[in-house]
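These notes concern the structure reproduced below.
Residue numbers (my numbering): 1080 to 1161.
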């Protein structure tokens, strides 16, 4: 295995571990009824992508942008039953 193959293997392994951890986190939040019913791992992942899409230069122009987006996402994901 050359260095490129080894790097690809390390990245793939890290992605699998991250996906498994996110699945466990979502499952635990669903079991505890903290997460809104019907919310999927994909929904949470899309929310994380939305947050990460704010580039630092955009956030610097409007420092509250990330906090506002995070608040909106958390309000939408939070179970009204909890």
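Even for Gly, the Cβ is constructed at its ideal location relative to N, Cα and C. Quick caveat: nothing in here was measured; it's all calculated off a predicted structure.
ask   = Who pairs with residue 1157 in a beta bridge, going by DSSP?
value = 1114
* Under the three-state DSSP convention, the category residue 1084 falls into -> helix
For residue 1107 and residue 1157, believed in contact at Cβ under 8 Å, the rounded distance = With a Cβ gap of about 15 Å, residue 1157 and residue 1107 do not count as contacting.
Q. Between residue 1133 and the rest of its own chain, which residues show a CB-CB distance below 8 Å, the 5 nearest in sequence each way excluded?
A. 1144, 1145, 1148
What is the DSSP secondary structure of residue 1119, reduced to helix, strand or coil? coil
Am I right that residue 1090 and residue 1102 are in contact with their C-beta atoms under 8 Å? What's the rounded C-beta distance? No, residue 1090 and residue 1102 are not in contact; Cβ-Cβ is about 19 Å, not under 8 Å.
**Report entry** 6 Å Cβ shell around residue 1123 - same chain, five flanking residues per side excluded
**Finding:** 1105
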